[in-house]
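Here the UniProt record's numbering is used: the first residue of the sequence shown is 1, the next is one more, and so on.
Virtual Cβ for every residue (Gly too), placed ideally from N, Cα, C.
A quick write-up on the structure given underneath.
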Amino acid sequence: MKLKKLKWVHYFLNLYNPLFGKMKKTATFSSDIKFNSIVIFSTTALGDFMFNTPAIRAIRAHYPDAHITLVSSVKISY
């Protein structure tokens, strides 16, 4: 993602969250929380998606009972 786009998304989320959102800062998440399901979005190319593998494995190791759903783009569905 380009820096300009990232800045815009960051600005939007900082405005949206206090008014309408329920997102928490990452520092507020406790490692004791048990998630039933986790969704991972990766809409990049296949090579970039493959770089997510270590993170996905770490999530699976930390939450072994959670249902993990991977959402990708049509580009890498073949």
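- In the three-state DSSP reduction, Thr-44 falls in the coil class, being neither helix nor strand.
- Residue pairing by DSSP places Val-39 opposite Thr-69 in a beta bridge.
- Closest in alpha carbon position to Val-39, among Tyr-16, Ser-72, Ile-33, is Ser-72.
- For Asn-17, the enclosing alpha helix (DSSP H) starts and ends at 3 to 19.
- The stretch 39 to 48 makes contact with the stretch 61 to 71, as at least three CB pairs between them are under 8 Å.
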